[in-house]
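J.:
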Amino acid sequence: MLAIEGGEPVRSSFLPYGKQCIDNSDIAAVAEVLQSDWLTTGPKVEEFERALTETCNATYAVAVNSGTAALHAAAYALGIGPGDEVIVPPITFVSSVSIIVHLGATPVFADVCPETLCIDPASVEKLLTKRTKAIVCVDFAGQPCNYDELRSFGLPIIQDGCHALGASYKGQAVGSLNELCTFSFHPVKNITTAEGGAILTSDENLARRARSFRNHGLSLDQRQRREKNTWAYEVHELGFNYRLSDIQSALGISQLGKLEEFLKKRRALAAYYDRALAGIDGVEPLSSLDGREHAYHLYVARFPRQKYSVDRDQLFRALRAEGIGVMVHYFPIHLQPFFEEKFGTKGGDCPVAELRSAEILTLPLFVQMNEKDVSDVVEALTKVCEFYRV
Ligand SMILES: *Cc1c(COP(=O)(O)O)cnc(C)c1O
986 MLAIEGGEPV RSSFLPYGKQ CIDNSDIAAV AEVLQSDWLT TGPKVEEFER
1036 ALTETCNATY AVAVNSGTAA LHAAAYALGI GPGDEVIVPP ITFVSSVSII
1086 VHLGATPVFA DVCPETLCID PASVEKLLTK RTKAIVCVDF AGQPCNYDEL
1136 RSFGLPIIQD GCHALGASYK GQAVGSLNEL CTFSFHPVKN ITTAEGGAIL
1186 TSDENLARRA RSFRNHGLSL DQRQRREKNT WAYEVHELGF NYRLSDIQSA
1236 LGISQLGKLE EFLKKRRALA AYYDRALAGI DGVEPLSSLD GREHAYHLYV
1286 ARFPRQKYSV DRDQLFRALR AEGIGVMVHY FPIHLQPFFE EKFGTKGGDC
1336 PVAELRSAEI LTLPLFVQMN EKDVSDVVEA LTKVCEFYRV
């Protein structure tokens, strides 16, 4: 009997969909900074930025205190402002879009590809106008978008790579593909600094603008003023306090050193799911396309509505009752009340996103998962899907 109906759950302890992987070397790296002179805006920030440019094969990295701050600084660096339109996908975290609104520009929602949930170049093409200033592309779940086609429009791309640290597109690392790429280091992401993010670019001017935006538009930061033996700074533009601390940067450096090992584990878990789910009718993993090396931040599967007597939310509740921490990534942003009210977006604007969003679940996937954990997920899926399948 299903746990939701009073039966025995597959797991007695809850398995979350994602979580950080911290070991003693991470703890030691943080402790070392706590005993040093610089808790923030010191040498560890620069060291972390250098490590990120090496990992991503980009020229510049600007570390900030969240993925959202990274997106905000990237859009600011491009000069996005009132009167501009920016094309965005609806299947993403809200901040890929909210930063456009914060800068006074208008988000224009393009639909997504049904197989990958990445922004659909054909839909983007239909929405281009004289006002279109940039395209936000989200590498959904960790799989890069179709950049050959997206770049053919000749517009700057803000690549939201928050899922995709470690991924690559036709052999080129995410972070070096487009004008700007952003990462998040939230605990569920591929590496963590607790809270944190970064902007990667190979354009010196964009890097300079993002760096200024991170620190109130000040011409010199605290460390530079000390080195130059001056108290003075100039403000030519305004910014925010989006600085990442040295404590967080030390954690980031330590975590980044383990990225390859983390990716290997994530890819092995994804391959296990691929094999196991092929044997369950009514569970269809998203496609992973040729020429794109997936970073598997998320493992997302589709549960086609017509295969079941109940909707996705009932499958969600039943799997949660079995102890499996499934999630939904994401509800379409253009259907959130704020966007409907402010921009007049509505159901039918992005039909693929709307249909797919109601059929997907994210399965648990994180570095410390063991064989028993993944087999529990498969057992619970088998149990729940069989019960509700028509
Ligand atoms: C996590 C995430 C963000 C926001 O990152 P924070 O560090 O939480 O601010 C933005 N976009 C996507 C696609 C994300 O997954």
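Going by the working numbering, the sequence shown opens with residue 986, and the numbers climb by one from there. A virtual CB, placed ideally from N, CA and C, is assigned to each residue, including glycine.
Can we count Cys1103 as close to ligand 1, meaning its CB is less than 6 Å from some heavy atom?
T.: It does not: the Cβ of Cys1103 is nowhere closer than 6 Å to a heavy atom of ligand 1.
J.: Please report the distance separating the alpha-carbon of Ile1176 from that of Phe1247.
T.: If you take the alpha carbons of Ile1176 and Phe1247, they lie about 8 Å apart.
J.: So, for Lys1250: in the same chain, excluding its five sequence neighbours on each side, which residues have a beta-carbon less than 7 Å away from its beta-carbon?
T.: So the list reads Val1352, once near-sequence residues are dropped.
J.: Can you pull the DSSP bridge partners for Gln1144?
T.: Answer is Cys1122 and Cys1166.
J.: With Tyr1132 as the anchor, note down where its alpha helix (DSSP H) starts and where it stops.
T.: Its alpha helix (DSSP H) spans residues Tyr1132 to Arg1136.
J.: Suppose only complete runs of 4+ residues qualify. What are the alpha helix (DSSP H) ranges in the stretch 1149 to 1225, listed by chain order?
T.: You should have 1189 to 1199 and 1207 to 1212.
J.: Report yes or no: do three or more beta-carbon pairs, one from the stretch 1066 to 1081 and one from the stretch 1259 to 1276, lie closer than 8 Å?
T.: No, they do not touch.
J.: Based on DSSP bridge pairs, tell me the residues matched to Leu1000.
T.: In DSSP, Leu1000 forms a bridge with Ile1309.
J.: Nearest by alpha-carbon distance to Val1311: which of Pro1349, Leu1271, Gln1291 and Glu1031 is it?
T.: Of the candidates Pro1349, Leu1271, Gln1291 and Glu1031, the one whose C-alpha sits nearest the C-alpha of Val1311 is Pro1349.
J.: Examine ligand 1 and report whether any of its heavy atoms sits within less than 6 Å of the Cβ of Ser1083.
T.: Not so, every heavy atom of ligand 1 lies at least 6 Å from the Cβ.
J.: According to the neighbour-count rule (16 or more other Cβ atoms, all chains shown, within 10 Å of its Cβ), is Leu1271 buried or exposed?
T.: Burial call: buried.
J.: Rounding to the nearest angstrom, what Cα-Cα distance links Ile1309 and Asn1200 in this structure?
T.: If you take the alpha carbons of Ile1309 and Asn1200, they lie about 42 Å apart.
J.: Which residue wins for smallest C-alpha separation from Gln1005, given the options Glu1134, Glu1180, Leu987 and Arg1297?
T.: For the residues Glu1134, Glu1180, Leu987 and Arg1297, the minimum Cα distance to Gln1005 belongs to Glu1180.
J.: Below 8 Å on the Cβ atoms is my guess for Ala1090 versus Gly1182; work out the distance and round it to an integer in Å.
T.: Actually they do not touch by this definition, with Cβ atoms about 20 Å apart.
J.: Would you mind stating whether Arg1287 and Ile1345 have Cβ atoms separated by less than 7 Å?
T.: Taking 7 Å as the Cβ cut-off, Arg1287 and Ile1345 qualify as a contacting pair.
J.: Threshold first: 4 residues or longer. Then list the alpha helix (DSSP H) segments lying entirely within the stretch 1225 to 1290, N to C.
T.: Listed in chain order, the complete alpha helix (DSSP H) runs (minimum 4 residues) inside the stretch 1225 to 1290 are 1231 to 1241 and 1244 to 1262.
J.: Decide if Leu1024 is buried, meaning its Cβ has at least 16 other Cβ atoms within 10 Å, or exposed.
T.: Leu1024 is exposed by the Cβ-count criterion.
J.: Helix, strand or coil: which one does DSSP assign to Leu1346?
T.: It is a strand residue.
J.: Is Ala1192 near Tyr1045, with beta carbons less than 7 Å apart?
T.: Contact flag set, yes.
J.: Could you check how far apart the C-beta atoms of Cys1103 and Val1109 are, in whole angstroms? I think they sit under 8 Å.
T.: About 11 Å separates the two Cβ atoms, so there is no contact after all.
J.: Are the beta-carbon atoms belonging to Glu1039 and Ser1153 less than 7 Å from one another?
T.: Against a cut-off of 7 Å, the Cβ pair of Ser1153 and Glu1039 comes out as no contact.
J.: Closer than 6 Å to a non-hydrogen atom of ligand 1 - does that hold for the CB of Ser1234?
T.: Checking every heavy atom of ligand 1 against the Cβ of Ser1234, none is found closer than 6 Å.
J.: For ligand 1, any of its heavy atoms closer than 6 Å to the Cβ of Thr1053?
T.: Yes.
J.: Please list, in chain order, all residues of the same chain as Gln1299 whose beta carbon is under 6 Å from its beta carbon, the five residues on each side excluded.
T.: None.
J.: What residues in its chain sit with their C-beta under 8 Å from that of Val1159, if we drop five residues either side in the sequence?
T.: Correct list, in chain order: Cys1041, Asp1124, Pro1129, Gln1144, Gly1146, Ala1149, Leu1150, Gly1151, Ala1152, Ser1153, Cys1166 and Ala1280.
J.: Measuring straight from C-alpha to C-alpha, what distance separates Glu1245 and Gln1291?
T.: Rounded to the nearest angstrom, the two C-alpha atoms are 39 Å apart.
J.: What first and last residue would you give for the beta strand (DSSP E) that runs through Tyr1045?
T.: Residues Tyr1045 to Val1049.
J.: Spatial neighbours of Ala965 within its chain, please: CB distance less than 7 Å, with the 5 preceding and 5 following residues excluded, ordered by chain position.
T.: The structure shown has nothing for residue 965, since the chain only spans 986 to 1375.
J.: Quick check: Leu1283 and Thr1178, are their CB atoms within less than 7 Å of each other?
T.: No. Outside cutoff.
J.: Across which residues does DSSP place Thr1025 in a beta bridge pair?
T.: Beta-bridge pairing links Thr1025 to Ser1230.
J.: Less than 8 Å between C-beta atoms, sequence neighbours within five positions excluded: which residues of the same chain meet that for Asp1266?
T.: Result list for Asp1266: Lys1292, Cys1370 and Arg1374, in chain order.
J.: Of all the options Gly1276, Asp1206, Ile1318 and Gln1233, which has the alpha carbon lying nearest to the alpha carbon of Ala1013?
T.: Closest by alpha carbon: Gln1233.
J.: Return helix, strand or coil for Tyr1293, following the three-state DSSP convention.
T.: Of the three classes helix, strand and coil, the one that applies to Tyr1293 here is strand, per DSSP.
J.: At the level of alpha carbons, what is the spacing between Asn1131 and Lys1118?
T.: If I take the Cα positions, the gap works out to 19 Å.
J.: For Glu1325, collect the residues of the same chain with a Cβ closer than 8 Å to its Cβ; drop the 5 residues on either side in sequence, then sort them by chain order.
T.: The answer, listed in chain order, is His1319 and Lys1331.
J.: With distances taken from CA atoms, which of Asp1334, Asn1163, Glu1356 and Thr1215 is nearest Lys1111?
T.: It is Asp1334.
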